[in-house]
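Residue numbers (this note's numbering): 3 to 441.
Yeah, the Cβ is synthetic: ideal placement off N, Cα and C, and Gly gets one too.
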Ligand code: 9WN
């Protein structure tokens, strides 16, 4: 264990990590392991960059938007010139997709829409700075509002065609919580064909222990879905028919609800009355969708496997989607701080692990099957603060800063020992640290 660093030292180190991962107009999600831009990472990275340099935060999101598809979809990876990540642009083959941009290489799926949270942070930081920085931030919001609106409309249209208020995902990668036990059952039905092209993973070279990452069997399924989507050229309508994984993701839906509210607020300021009203309708629709998933037995929100029609009954942090988007009657809040979750006596810090520590299947070192992810703690802190629960937000912030005090910016943390795991210079971890440290 390293000597704890003070708040000032920690902020400097976090800024250093972001500078180290800066590729010019985009920030790599992590050196070596993730040498490209990831969509939801870039949103959270922009939240942190807004504390360092508003213009640089703006550049980050403008780069992301240059990769937006003509349908409105924002792809989950924007490839840099760097290599060493698999699956890279050749494997995705998105140049065959009519809607893909021609000048930038991207993946063909999406990730959670956290971006509006960052746009609001950029505007606030720009206004606080004043002068030319304020003008740049205001111009950025004015010029890009339509693109964010198109992104939300695409999610609400292509991914919730039946208007249930739940976003459907076609790949665990879209949830951002790749190998969460939430996806085990839906993935069990994804059987890679004999014609799945061979593959060599690169991710295993960049972590301390291969058990921190998904298995080869899981990767075969991940790549089979890429293959299915590639074969229909990532066409939205065709994809829905052929893809072997279709799940209504409760947490992504909750993010869409709160982000639509944020965007509506920006629409108000721009005088875009109709757009703001439309976004508030979306927020209400997705909140209602999230509320409709709550399990009468566990009190947690649930994903719905659209192919089998079955609810997914796992005890993961995504089950707190109702708390996150403000449709909780107090039951979830009590559960969140209670001993199956943040109040579990064996935890090193009172923070929500990706899977309940009381679940016998929880795996404390394996990726989304148990570790604590700082960005998840940040998202809950952001949501609680927005709901006026300053005390809850403060508890998450203080515990997170204690977890980060040794100066590594782990991708995820072992919940019982506090050991950082995965990449140790993870950009979004550094970014949310800067936000937590800001006055
Ligand atoms: C696949 C970049 C991304 C995060 C995801 C996280 C991990 C990628 C991977 O890294 O996913 O998208 O190769 O494992 O699960 O949430 O956006 O940090």
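- Distance from the C-beta of residue 178 to the nearest heavy atom of the ligand 9WN is below 8 Å.
- By the C-beta criterion, the stretch 348–366 is judged to be in contact with the stretch 407–419, since at least 3 inter-stretch pairs fall below 8 Å.
- Between the alpha carbons of residue 347 and residue 341 lies a gap of roughly 7 Å.
- For a cut-off of 8 Å, the C-beta gap from residue 16 to residue 411 is around 7 Å, short enough to register as a contact.
- Set against 8 Å, the gap from the CB of residue 78 to the closest heavy atom of the ligand 9WN is smaller.
- Secondary structure at residue 250: strand, using DSSP grouped into helix, strand and coil.
- Setting aside the 5 residues that flank it on each side, residue 161 is surrounded in the same chain by 169 and 170, each with a C-beta closer than 7 Å to its C-beta; the list follows chain order.
- Between residue 329 and residue 289 a beta carbon distance of about 5 Å is seen, short of the 8 Å cut, so the two are scored as contacting.
- Runs of the alpha helix (DSSP H) lying entirely within the stretch 209–243 and spanning at least 4 residues, in chain order: 218–233.
- At least one heavy atom of the ligand 9WN is found less than 8 Å from the C-beta of residue 428.
- The C-beta separation of residue 39 from residue 65 comes to about 7 Å, placing the pair in contact by the 8 Å criterion.
- The beta carbon of residue 256 sits closer than 6 Å to the beta carbons of 292, 323, 326 and 327 from its chain, once the five residues preceding and following it are set aside; these are given in chain order.
- Of all alpha-carbon atoms in 441, 439 and 434, the one lying nearest the alpha-carbon of residue 120 is that of 434.
- The DSSP-derived three-state label of residue 341 is coil.
- Distance from the CA of residue 56 to the CA of residue 238, rounded to the nearest whole angstrom, comes to 35 Å.
- Straight-line spacing of the CA atoms in residue 384 and residue 395 works out to 7 Å.
- Proximity of the beta carbon of residue 163 to the ligand 9WN is not indicated: no heavy atom of the ligand is located closer than 8 Å.
- One Cα belongs to residue 144, the other to residue 105, and the distance between them is close to 24 Å.
- Taken from the Cβ of residue 413, at least one heavy atom of the ligand 9WN lies inside 8 Å.
- With respect to residue 34, residue 425 sits close: the two C-beta atoms are nearer than 9 Å.
- Where residue 135 is concerned, the enclosing alpha helix (DSSP H) starts and stops at 133–160.
- Within the stretch 349–424, the complete alpha helix (DSSP H) segments at least 4 residues long are 376–388 and 392–405, listed from N- to C-terminus.
- Cβ neighbours of residue 63 within its own chain (closer than 8 Å, five residues either side excluded): 44, 45, 48, 117, 120, 121, 124, 142 and 146.
- Shown here for residue 403: same chain residues with a beta carbon closer than 8 Å to its own, the five before and five after excluded, namely 9, 12, 435, 438 and 439 in chain order.
- For residue 165, no beta strand (DSSP E) encloses it, and the DSSP letter there is neither H nor E.
- The beta carbons of residue 174 and residue 247 sit closer together than 9 Å.
- With a threshold of 8 Å, the Cβ atom of residue 251 does not count as near the ligand 9WN, since no heavy atom of the ligand is closer than that.
- With a cut-off of 8 Å on Cβ pairs, the stretch 280–287 is not in contact with the stretch 227–242, counting fewer than three such pairs.
- CA-CA distance, residue 311 to residue 180, rounds to 21 Å.
- The beta carbon of residue 112 is closer than 7 Å to those of 41, 75, 76, 77, 78 and 176 in its chain, skipping five residues each way along the sequence.
- When C-alpha distances from residue 305 are compared across 167, 93 and 96, the shortest belongs to 167.
- The C-alpha of residue 352 lies about 13 Å from the C-alpha of residue 373.
- Straight-line spacing of the CA atoms in residue 378 and residue 354 works out to 8 Å.
- In the three-state reduction of the DSSP assignment, residue 15 falls in the helix class, which pools H, G and I.
- Residue pairing from DSSP places residue 40 in a beta bridge opposite 79.
- Per DSSP, reduced to three states, the secondary structure at residue 272 is helical.
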